[in-house]
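Quick note: the sequence shown, position 250, residue 249 per numbering that gives the first Met the number 0, numbers continuous. Just so you know, even glycine gets a beta-carbon here, dropped at the ideal spot from N, CA and C. Structure first, commentary second.
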Amino acid sequence: MELWDSPPFAAEIRDGRIYARGVADNKGNLSARLAAVHAYTAVRGGLPLNVKFVIEGEEEIGSLHLREFVDAHRELVQADGCIWEFGYKNADGSLQASFGVKGMCYVELVCRGANTEMHSSHAAVIENPAWRLIWALNTLKTPDERIHIKGFYDKVASLSETDIEALRQMAYDEESTLEKFGLDSFVLGLSGLPLKEKLIYQPTCTVCGFQSGYTGQGKKTVLPSEARVKLDFRLVPDQDPFEIFRLLRRHLDEHGFADIEAIPYTMTYPARTPLDNALARSVVRTAKQIYGTEPTLKPMSPATGPMYILCQRIGIPAVSVGVGHFASNNHAPNENIAVDDYIQGIKHIAAIIEDFAIQE
Ligand SMILES: [Zn+2]
């Protein structure tokens with residue numbers, strides 16, 4: 000909270016930007032689309048096609064009920080195309096359109112030791128769950144970024160010529176990204192095509208947080224009774240999050256860590272829409288009209304969302320475009336969008352409605 004320059008829910012406008020919690024991810028997009036429908040109806044007297052809004056309030060906690068909802072309301076949800084909930088401008092100001100999302104297998108590992116924390120002099124004879132969990136983690140991934148769970152990569156789809164060509168054309172401003180985060184290099188010193196390939200088409204294994212023993216100010220000599228780590232695996236087509244969880248469980252068992260509990264949280268399938276479909280063509284054609292430049296196409300977003308459940312699983316192509324920008328700071332202090340981007344985003348959605356109706 001103290002890292003915000005204005006109250007997160009005040010939606011303050013400063014220097015042409017709206018600062019608010021969720022303004023880029025994703026209230027700005029939602030309200031821009033409502034505004035587009037409103038404006039279109041006001042000017043043309045009605046919509047040329049049906050527009051349905053699916054507003055999912057549980058996305059950030061893994062969309063636990065969305066599948067059930069889609070299955071129960073299949074006809075209500077069915078559509079010729081979907082404009083997904085997020086979208087951004089690149090660092091150079093061009094619009095980015097993306098055509099899929101990575102999946103997710105989010106797991107917490109819990110390693111338990113003695114039934115109480117104790118004086119660390121006992122560590123000479125009593126096993127420390129923090130070390131055990133570190134050793135277990137050490138078997139999962141090596142510094143070369145390779146994940147060592149047996150079968151983990153088996154379902155990773157190989158790349159076609161089109162996929163590689165899409166990567167080549169995809170904008171990714173390495174310098175601005177490094178500068179924004181105060182870094183000198185990317186992992187493994189990657190750049191160019193291999194960097195983009197890793198970002199878009201490679202799965203990850205990430206330690207999101209590790210907790211054990213005393214982590215407050217100063218020192219306290221304690222032998223922890225428990226250690227916990229939150230891990231997320233971002234998955235790519237055609238990896239299956241439930242299968243990855245089973246493989247992780249087997250991996251731990253086979254490496255002598257059967258005692259470590261694995262608690263599954265979010266299980267999201269990766270999703271992809273081919274770059275060539277009627278909706279994609281509409282989005283690109285209208286983007287040129289509204290933004291004045293060619294949008295950059297991103298074959299998949301490295302982020303995750305329940306796109307597979309809502310779209311690909313029932314044959315709906317999905318394209319992501321929206322009102323955020325490269326430095327929108329989603330999930331972080333001073334999240335913001337530019338007022339001009341917001342207005343352009345409204346116009347873009349209205350133009351897509353008009354164009355897609357004619358195409359269909
Ligand atoms: Zn989010």
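**Request:** Output the residues surrounding ligand 1, defined as those with a CB atom closer than 6 Å to any ligand heavy atom, in chain order.
**Result:** D24, E59, N329 and H330
**Message:** Given this structure, state the Cα-to-Cα distance separating K297 from E353, to the nearest angstrom.
**Reply:** 24 Å
**Prompt:** When the Cα atoms are used, what is the spatial distance from P193 to Y290?
**Reply:** 29 Å
**Asked** Quick one: Cα of P202 to Cα of M266, how far?
**Response** 14 Å
**Request:** Using beta-carbon positions only, say whether S327 and S300 come within less than 8 Å of one another.
**Result:** no
**Asked** Short check: CB of Y385 to CB of Y307, under 8 Å?
**Response** Nothing about residue 385 can be read from this structure; the chain reaches only from 0 to 359.
**Prompt:** Cβ of T214 versus every heavy atom of ligand 2: is any distance shorter than 7 Å?
**Reply:** With respect to small molecules bound, the structure shown includes ligand 1 and not ligand 2.
**Request:** State the beta-bridge partners of I17 as determined by DSSP.
**Result:** I12 and I336
**Request:** Measuring alpha carbon to alpha carbon, tell me which of E1, L247, E334 and I12 ends up nearest K149.
**Result:** L247
**Request:** Can you tell me which of the three DSSP states K154 falls into?
**Result:** coil
**Request:** Write down the C-beta distance between G80 and L278 rounded to the nearest angstrom, noting that I regard them as a contact closer than 8 Å.
**Result:** 3 Å
**Item:** Assumed close pair F325, A90 - CB separation to whole angstroms, cut-off 8 Å
**Value:** 4 Å
**Message:** Helix, strand or coil for Y105? Go by DSSP, reduced to three states.
**Reply:** strand
**Prompt:** What is the DSSP secondary structure of A165, counted as helix, strand or coil?
**Reply:** helix
**Exposure label - T295; buried when at least 16 CB within 10 Å** = buried
**Prompt:** Beta carbon of L108, beta carbon of E260: below 8 Å?
**Reply:** yes
**Message:** Could you check whether V69 and A302 sit closer than 8 Å to each other, using their CB atoms as the reference points?
**Reply:** no
**Item:** Beta-bridge pairing of C110 - partner residues as DSSP gives them
**Value:** A226
**Prompt:** Would you call the segment 200-218 and the segment 172-190 in contact, with 3 or more CB pairs under 8 Å?
**Reply:** no
**Request:** Could you tell me whether the segment 220-233 touches the segment 107-123, using the rule of 3 or more Cβ pairs below 8 Å?
**Result:** yes
**Inter-stretch contact (C-beta, 8 Å, three-pair minimum) for the segment 326-346 and the segment 24-42** = yes
**Request:** Following the continuous alpha helix (DSSP H) through V36, name the residue where it begins and the one where it ends.
**Result:** G27 to R43
**Request:** Evaluate Q216 with the Cβ neighbour count: other Cβ atoms within 10 Å of its Cβ, from every protein chain shown; 16 or more gives buried, anything less gives exposed.
**Result:** exposed
**Message:** Suppose contacts are defined by Cβ-Cβ distances below 8 Å. Is T285 in contact with H347 by that definition?
**Reply:** yes
**Prompt:** At which residues does the alpha helix (DSSP H) containing E361 begin and terminate?
**Reply:** The chain is shown from 0 up to 359; residue 361 falls before or after that span and cannot be answered.
**Item:** Three-state secondary structure (DSSP) of L421
**Value:** It is not possible to answer for residue 421, since the shown part of the chain is limited to 0 through 359.
**Message:** Given a cut-off of 8 Å on the beta-carbon distance, is the pair N333 and A23 in contact?
**Reply:** no
**Message:** Rounded to the nearest angstrom, what separates L230 and A9 at their Cα positions?
**Reply:** 33 Å
**Asked** Where does I203 fall in DSSP's three states?
**Response** According to the sequence shown, residue 203 is Thr rather than Ile. It is coil, neither helix nor strand.
**Asked** Exposed or buried, what is C310 when buried is set at 16 or more other beta-carbons lying within 10 Å of its beta-carbon?
**Response** buried
**Request:** Reducing DSSP to helix, strand and coil, say where Y307 ends up.
**Result:** helix
**Prompt:** Quick one: complete beta strand (DSSP E) runs, 3+ long, within the segment 64-96?
**Reply:** 81-83
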